[in-house]
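> Residue numbers (the UniProt record's numbering), protein chains in the order written: chain A, 1 to 262; chain B, 1 to 248; chain C, 1 to 215.
#1: For the alpha helix (DSSP H) that contains residue 65 of chain C, what are its first and last residues?
#2: Using 10 angstroms around the beta-carbon of residue 246 of chain B, count the other beta-carbons present and answer buried if the total reaches 16, otherwise exposed.
#3: Three or more C-beta pairs closer than 8 Å, one from the stretch 66-84 of chain A and one from the stretch 76-92 of chain B: is that the case here?
#4: Taking all protein chains shown into account, do 16 or more other C-beta atoms lie within 10 angstroms of the C-beta of residue 146 of chain A, making it buried, or fewer, making it exposed?
#5: Could you list the residues in the stretch 132-164 of chain A with a C-beta less than 7 Å from some C-beta on chain B, going in chain order?
#6: What residue range is occupied by the uninterrupted alpha helix (DSSP H) comprising residue 18 of chain A?
#7: Go through the stretch 118-154 of chain B residue by residue and report every complete run of the beta strand (DSSP E) that reaches 3 residues or more, in order.
#8: Using the Cα positions of residue 15 of chain C and residue 153 of chain B, report the straight-line distance between them to the nearest angstrom.
#9: Compute the beta-carbon to beta-carbon distance between residue 171 of chain C and residue 26 of chain C, rounded to the nearest angstrom, for a pair I have assumed lies under 8 Å.
#10: Classify residue 168 of chain A as buried or exposed, calling it buried when 16 or more other Cβ atoms lie within 10 Å of its own Cβ.
#11: Taking all protein chains shown into account, decide if residue 60 of chain A is buried (16 or more other Cβ within 10 angstroms of its Cβ) or exposed.
#12: Spatial neighbours of residue 65 of chain A within its chain, please: C-beta separation below 6 Å, excluding the five flanking residues on both sides.
#13: For residue 29 of chain C, is the classification buried or exposed, using 16 other Cβ atoms within 10 angstroms of its Cβ as the cut-off for buried?
#14: Taking only three categories from DSSP, how would you classify residue 116 of chain C?
#15: Mind checking whether residue 150 of chain B and residue 204 of chain B have CB atoms under 9 Å apart?
#16: Could you check which residue in A:25, A:31, A:38 and A:57 has the C-alpha nearest to that of residue 44 of chain A?
#17: When the cut-off is 9 Å and only beta carbons count, does residue 58 of chain A lie next to chain B?
#18: Within 10 Å of its beta-carbon, does residue 165 of chain C have 16 or more other beta-carbons around it, so buried, or fewer, so exposed?
#19: Taking only the alpha-carbon atoms, compute the straight-line gap between residue 78 of chain C and residue 207 of chain B and give it to the nearest angstrom.
#20: Which residues in chain B have a C-beta closer than 9 Å to the C-beta of residue 63 of chain A? List them in chain order.
#21: CB-CB under 6 Å to residue 110 of chain C, same chain, minus the five flanking residues each way: which ones, in chain order?
#22: Are the C-beta atoms of residue 98 of chain A and some chain B residue less than 9 Å apart?
#23: Tell whether a beta-carbon distance below 9 Å holds between residue 157 of chain B and residue 195 of chain B.
#24: Residue 179 of chain B: buried (16+ other C-beta within 10 angstroms of its C-beta) or exposed?
#25: Give a yes or no on whether the C-beta atoms belonging to residue 16 of chain B and residue 73 of chain C are separated by under 9 Å.
#26: So what's residue 243 of chain B in DSSP terms, helix, strand or just coil?
#27: Can you give me the Cβ contacts of residue 212 of chain C inside the same chain, cut-off strictly under 8 Å, excluding the 5 residues immediately before and after it?
#28: Starting from residue 192 of chain A and walking both ways along the alpha helix (DSSP H), at which residues does that stretch end?
#29: Below 8 Å on C-beta distance, what does residue 263 of chain A contact in chain B?
#30: Listing by chain order, which chain A residues have their CB less than 7 Å from the CB of residue 46 of chain B?
#31: Report the three-state DSSP secondary structure of residue 80 of chain A (helix, strand or coil).
#32: Where does residue 254 of chain A fall in DSSP's three states?
#33: So residue 110 of chain A packs on residue 32 of chain B, CB below 8 Å; how close in whole Å?
#34: Under a three-way DSSP split, which group does residue 131 of chain A fall into?
#35: Apart from the five residues just before and just after residue 32 of chain C, which ones in its own chain have a Cβ nearer than 6 Å to its Cβ?
#36: Hey, is the stretch 71-79 of chain B in contact with the stretch 184-200 of chain C, meaning 3+ C-beta pairs nearer than 8 Å?
Printed below as a string of structure tokens:
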């Protein structure tokens, strides 16, 4: 698998197991993402893509295996041969490097647009209010939402909310950005706007990105690796060009045929 | 009737103190109830059984035994175990614990109706537990809680009339005295109930105002109409009522 | 008070029979009170849908007035006013009327929760108004009100001790009488509390199950 020049992958899954009841979603999954990689996860729903992102955000607990961020154990580690949970305090240090944008935006309705963006930088990163506001304004400019600065979040359309959510995640200066079907809840004519914002971020930063999306054209443009999942396993891995024009695995061919409607 | 009015005028100076006692019990009880409700409400939804179990037991205990029994138990029995409190304190503690147990369920329910996604978004921003609750979850739950808490506040006010039986000089005491003075039950109790009604009405306005404010903070507020604040039941869905027409 | 300690099991045992007699009155008051409240509450809810505000307005005021003033004061009021009526009957009546104002809200919510499509379907079938109410709307609405009714029954049960103020010997008064005669308030009052818990906790569990089923 690909590793970055400095050797340590940004994300590494080692034998990760995740079950929901009897349903095994991830079965001893192994993969890694190099620093600065843009990796797209594709596959039918229920194949475990979103679970991977949620594990990386500690929204789900793994049932086995290790997740490493920059080589640091994140939610669990081995003490001797005992697999133990890492306490919240230490998790927070690692989680600081990870940001996430959700399908349903999940902005805080009790805060204004600006407050949504400055809340965590002030209270988690300990930035001064002035710095946080300055940075937030710069990000709002970047996502084209400057004039909505003081609006309440539910005065915004879905596309606008998602752009704010992207700014909110970026305000934490994450090394890794998780994008979970960020355009699935949007009206078709708005999707291009949001993708435009993301494309610009991809082009102007070196943030490691892990995205789950059904926008194959977008995945092709921004990512440098595509992983095809089925039943909690990686069935095929390739660069986007190969994956979308000349997939080798039968499952991938079927899936792409269904999604692209050709 | 003119005798009644004369007696009423004579009694008016002591009404202020009586109302004050009732308000002290109501507001003191409400503050204590809110503290109890927050502790038990959050306690009842933690993952640890050692916190959740006792929280549930306390909630069910104070909900299950009657307020009347509680207030008299604290007043008559507790001193025999060496805990003696002033009557006003007894009333506040009893009202606070009893309605706090009810409010705990309101707190728990409202916290649970804040979408999980909000907790998740806060986790994704690496906020700590207390911070998540204080800045993200509670402000949203608060708007849901207020109507039910308003209801409990009125119940608490009504329950405070019991204090008359543990020697407190509250509004009920004042009514009782007026009745003795005038020997006119209808007049004295009529006036007395109106006083309770006015207090309840004012408290309801306050809560309606708080609700409108909380909703506005969530960006859901239309500018509050006078009807919403001064009506006794906020947010009656008039549009539904109109569709369905009148009585048979 | 007892020599060996503050609490005497003997006394606690002794008070039980009179408490159980009180419990019968308590339950009686709850049942009769709830029957009155259920019927009167429905009538209020229906009257509140009257087309003219000249009915709705005054009725709303009366209902709010009863709902927002203390049950205890209302009980004593009615008791002092109606000297010839037995206290227990006054208890039934006042509990019933007071809770009818709560129940009317439950019915209102139940009626409003019937989807508009049901009314539209009834209109489309050209059903007369009375038939629409009795065959279509009320059966659906009342089903939704059952948990509310259960909740208020439990709540009324716990408010029956207010009847002590009008000399009805329900559980709490029975305990007071016992205490006055034997100076054993501790046992008597504690046992009352436990009896309330023993009856109301299982009942409220039942109501919660009902809530889940009818939700």
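Yeah, the Cβ is synthetic: ideal placement off N, Cα and C, and Gly gets one too. As the structure is a prediction and not an experimental result, all values here were calculated from the model.
Taking the definition as stated:
#1: 53-67
#2: Confidence at residue 246 of chain B is low in this model, with a pLDDT of 28, below 50, so its placement is unreliable and the value that follows should be read with caution. Answer is exposed; the Cβ neighbour count stays below 16.
#3: no
#4: exposed
#5: 152, 153, 154 and 155
#6: From DSSP, residue 18 of chain A is part of no alpha helix (DSSP H) but of the beta strand (DSSP E) over 11-20.
#7: none
#8: 35 Å
#9: 5 Å
#10: buried
#11: buried
#12: 14, 15, 16 and 17
#13: buried
#14: helix
#15: yes
#16: A:25
#17: yes
#18: buried
#19: 31 Å
#20: Here the premise fails: no neighbours, minimum Cβ distance about 17 Å.
#21: 141, 144 and 145
#22: yes
#23: no
#24: buried
#25: no
#26: With a pLDDT of only 27 at residue 243 of chain B, under the threshold of 50, the placement of this residue in the model should not be trusted; the figure read from the coordinates follows. If DSSP states are grouped into helix, strand and coil, residue 243 of chain B belongs with the helices.
#27: none
#28: 188-204
#29: Residue 263 of chain A is absent from the model: chain A starts at 1 and stops at 262.
#30: Under the 7 Å cutoff, chain A gives no residues; its nearest Cβ is about 14 Å from residue 46 of chain B.
#31: coil
#32: helix
#33: Actually they do not touch by this definition, with Cβ atoms about 26 Å apart.
#34: helix
#35: 92
#36: yes
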